[in-house]
Structure formats: structure tokens, C-alpha cells
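Protein chains in written order, with the numbering used here: chain B, 137 to 413; chain C, 399 to 673. Glycine is no exception: its CB is placed at the ideal position from the N, C-alpha and C atoms. Computed from a predicted structure; not experimentally measured. See structure below.
So this is what it looks like as C-alpha cells:
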């Protein structure tokens, strides 16, 4: 068969990704610079409006805080789980639980929080703290706590392989040479785990940054986060020209995620050096 | 040393389970409470009866059925699209391998909310040609699962000798269709299964795209009902969480000693490995 015949075999795939991936990408990129059929920088300039900049700022702060806290807690949990028996029930139980929470989070997590902390929630009633529950809907209080419920599990899942890559021989070698536990963590395990840790941290950042469902289900007033702002541009009765701004915001999100993912790719290549078993 | 580690592990794991268990327990407590504050199983017995659900919560029924249909169609489209293409690229067009890989991993840098923005005009056409049924969301979901499916299928293809297998079949007179269905696919069983599982998991948990395109799937139905009847939607949420957990937990045993992690864990790990 001639090469041109062989190329026919990949036509369906390329046709599909053109329609459902490349065209959407072009729509976002081009749409960010077009308004009413004419090229413009107005959409990009609209990113400077206070509502958008504060949403971006909130999104970044929320993502950074939950990524750092989630990474630290998740790493401690991952280490604790790694000391359990390799194929024991405990490890399977925790990884399965974390898999569910990291993946199915979304709307269900929002409900779980309403059931716990809202005015009628279990904990509110148990502790007898009446009335409260409004803090739950604020981006820097309730949302941060909710986000931890999928950030910590994701950290466990991403980081566990790295912790399990620590060989007991390294610790034994340190002890044989007279090193303490603290020295082992500072000079041996720490430096080996650091690239994996930072890589996972970046992954957690993009995870929180692009999350929409939980926030959408919890926040009904206003749009404190960038994904909610984007969602708002086409659920509200569209003010003319808002579409373009939505695309500009979408482009801004892609740029942030792409930068972080690139950094992640570089780190991950370094980290995987130690993971070969 | 050993004792200290054990103590540390139990303290950390217990704290974690309390942290994660509290909201889940609250969901159970919330759904078994009547207006006077007494225990009642009314919500759960309503949920167990599909007839009651259908009449009282038509959204939930529609969303559930839509999600099941979406899961099936997403898996089918994903497999039909990826398996032949990836095999063909390996056999005849190795030069295209990098391009296909790049395209398949691209969705990782595109948050679902951004995809919605870009897909709006595309879905205007989909609705024009095929109608507004929720099931056509599968086309977008295939894009979302592309990176994960690519990773597991790639690992599967790597483990078998595609070229020798297909040349043997071809020289015995098999058509390309036969090669695909009877030679390649059976050898990729595990990879196809895990790719399908990821696709199902992702589809059942998807909210963003469905919600913004105003189609009702399971998650959107839960969200909508949550506004009027919190108890039933929280019960559905808890039930689906428990269901997903039981499946993952069971599958972690089926997976054998090779890996103590669940398929979803592998999903995240794939994500980590893919660069």
C-alpha cells in the first residue's frame, strides 16, 4: 500500500480531535481577540476589571493555600500509609477512599459540607452553635476547607509511589554510619522526595485552579473565583460582548495551567530518576 | 523504631479517617432525620424504590439514565477512536506517534470549564444535527478521557508485539477488521478494561460540562434536586460515593499483588507519569 493509503487510517482520529479539541482551542484563542467580528484588544483589557482581577486573585490564593496545606497533610498521610504492610487492607482501604474522594468530589462534597456545617448540619447541631453556617459559602473559609477534601486524597495518590520508592537500605545505611532519624530525613529522604513533592504540589495547584463543580454547587451569590466568572458569562443573560471576555478569561486560565504543567513536567523528569525499581 | 512507626501510622490514619469520615457520617445523619429530629428511614426507602423515584423526582431518573447512556457511549467512541488509530500508527505510520501522543495529552492543560467555552459553537452544530439529547455530551467526554485512555492503551500496546501479531494474521489471510477484532483487541484486554473503567468513572462524576450546556446527567440532577429536596439528593450523593468506594476497594483485590493501588489511583499516577 502507498503511504497515502496508510494515512487514510488515521483520518477519523484527526477529524475527531479537530472538531472537538482543536476547533474549541482556536475558538478560545481567537475569540479572546475578537469582538463583534472585528479584532480587538478590548477583551484582554477587560481582564483588568476589578471583578475579574479579584476573581483571579482569589483563585490563585485558594489554589496555592489548598495545594500547600493539602500537599503537607497528604504527604504525612502517604508516609504513614507506606509504613503499613504492602498489600494490607489498610493501604487498600485508604487508597480506595482517596481515589473516590479525589475523583468524585465535585457536587457530592458540597452536599457533604452542607450536611455537616450548614445551619441544619450535624456538627452545627451537635456543638449547638446556632445560626452560623454562612462562613461555609465564603471562598477563603468554607471553600478552602472543602477543597482540602479532594486535595489531600489527590496528594496521597500522587505522592504514595514516591514515598514507597524510599528503600529501607538507605535508612539502614544512614544508621550504620551513625546518622540519626533527623539526619536521614534532612540529608537522604528529604532531597530525594523534594522533586516529587514539588511536582505533586504543582499538580494540586492546577487541580484546585481548574475545579468548578464544588464551588458552583456551594456558592450561589456572586462569582468569587475565575471558573465561576467564566461560567457566569454564559449562564447569565448575556450582556453583549461578555462572550469575548469569557474567552479571554478562559485563555488566561489555560496560560496559567500550561505554565504550571510545564514546570511540573520538568520536575517530574528529575523525580522519576529515583523511582525506577 | 518499628513500634514508633506503628504508633505514628495509627495516629495519622485515625485522624484522617475522622477528618474524612465526619462529613460522610453527617450525610447519613442528615438523611435519616425527620422534621421533628427523630430517626427515620423514609428517604432511603424512597430511594430504594425506582417507581417512587421516577414519579417524584423525574430529573433524577432522567439524570441517572443519561449518565449510564453517557458512560456506555463514551467508552464505545473512545475505544473505536483510539484502539485502531494507535495500532495503525504503530504499524504503518510510526512517524506520527509523537503527534498523536501530544494531541492525546493536550486536554490535560485544558480545564473542563475552558473546554466548555470553546465547545459552545461546536455544540450549536451538534444540537442542530443530532438534537439536544444529553447523550451527545459523550463527544466532549471522550476528549476529557483522552489522556488517561491513551496512557493505559499505550502501556497495553507496548507490552505486546503488534507488528508480528498482525503480520502473522495478515499472512494467514485475515482482513484488517479481523486483525483488529480477533487478534489485537483480545491481547489488549487489560488495557482496554482499565481505559474503559477510567472513562466510566470520569463520565459518572462529570458536572461542569453538562451543567453549563444545560443537560441533565446524574451530577446535575443531584444539584438541581438539592435546591428543593436536600435530603434525597444528599442520600443519592452518599449512595454513589459508597458505591464507587466499594467497587474500587473490590477491584484493588482483583488487581492482585502487582499493585495495591486502585484503578483510580493508577489514573492519577498515569497523569503523573505522562510527561
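Look at the region 529-558 of chain C: the residues with a C-beta under 9 Å from a C-beta of chain B are 537, 538, 540, 541 and 544.
For residue 552 of chain C, the uninterrupted alpha helix (DSSP H) run begins and ends at 536-557, by DSSP. Spanning the alpha carbons of residue 436 of chain C and residue 211 of chain B requires a straight line of approximately 41 Å. Annotated three-state conformation of residue 174 of chain B is strand, per DSSP. Taking 8 Å as the threshold, the shortest C-beta distance from residue 329 of chain B to chain C does not fall below it.
Against chain B, the CB of residue 583 of chain C has no partner CB under 8 Å away; the residue lies outside that interface. Within chain C, no C-beta atom comes less than 8 Å from the C-beta of residue 316 of chain B; the nearest is roughly 12 Å away.
Note on geometry: alpha-carbon atoms of residue 324 of chain B and residue 446 of chain C lie some 54 Å from one another.
Separation of residue 228 of chain B and residue 650 of chain C (C-alpha to C-alpha, rounded to the nearest whole angstrom) is 6 Å. When DSSP states are grouped into helix, strand and coil, residue 437 of chain C belongs to the strand group. The Cβ-Cβ distance between residue 231 of chain B and residue 293 of chain B falls below 8 Å.
A straight-line Cα-Cα distance of about 19 Å links residue 202 of chain B and residue 394 of chain B. Note that the C-beta distance between residue 456 of chain C and residue 251 of chain B is not below 8 Å.
In this structure, the alpha-carbon of residue 558 of chain C lies about 41 Å from that of residue 613 of chain C. In the DSSP assignment, residue 431 of chain C forms a beta bridge with C:437. Segment contact: the region 279-292 of chain B against the region 335-354 of chain B, three or more CB-CB distances shorter than 8 Å; contact assigned. Each residue's CA atom was taken as its position, placing residue 537 of chain C and residue 159 of chain B some 13 Å apart. In the same chain as residue 485 of chain C, and ignoring 5 residues on each side of it, the C-beta atoms closer than 8 Å to its own belong to 555, 560, 564, 578 and 582, in chain order. One thing to note: residue 381 of chain B has its Cβ within 8 Å of the Cβ of residue 182 of chain B. Put simply, of C:606, C:522, C:623 and C:599 the residue whose alpha carbon is nearest the alpha carbon of residue 646 of chain C is C:599. No Cβ of chain C is located within less than 8 Å of the beta carbon of residue 309 of chain B. If you draw a 10 Å sphere on the C-beta of residue 434 of chain C, you find fewer than 16 other C-beta atoms in it, and that means exposed.
CA-to-CA, the gap between residue 408 of chain C and residue 217 of chain B works out to about 9 Å. When the beta-carbon positions are compared, residue 510 of chain C and residue 607 of chain C come within less than 8 Å of each other. In this structure, the straight-line span from the alpha carbon of residue 364 of chain B to that of residue 568 of chain C is close to 54 Å. Note that the C-beta distance between residue 540 of chain C and residue 472 of chain C is below 8 Å. The continuous stretches of alpha helix (DSSP H) do not include residue 320 of chain B, and DSSP gives it neither H nor E. The DSSP assignment places no complete beta strand (DSSP E) segment of no fewer than 3 residues inside the region 310-396 of chain B. For residue 575 of chain C, the number of other beta carbons within 10 angstroms of its own is below 16, and it is reported as exposed. For residue 414 of chain C, the nearest CB of chain B lies under 8 Å from its own CB, placing it at the interface with that chain. Proximity of chain C to residue 213 of chain B at the Cβ level (cut-off 8 Å) is accounted for by 410, 411 and 414, in chain order. Contact between the region 529-536 of chain C and the region 582-594 of chain C is absent, with fewer than three C-beta pairs closer than 8 Å. Along the region 490-501 of chain C, going in chain order, the ones with a CB nearer than 8 Å to a CB of chain B are 490, 491, 494, 498 and 501. Per the coordinates, the alpha-carbon of residue 508 of chain C lies some 9 Å from the alpha-carbon of residue 542 of chain C.
Residues of the region 441-471 of chain C with a Cβ closer than 7 Å to any Cβ of chain B: none.
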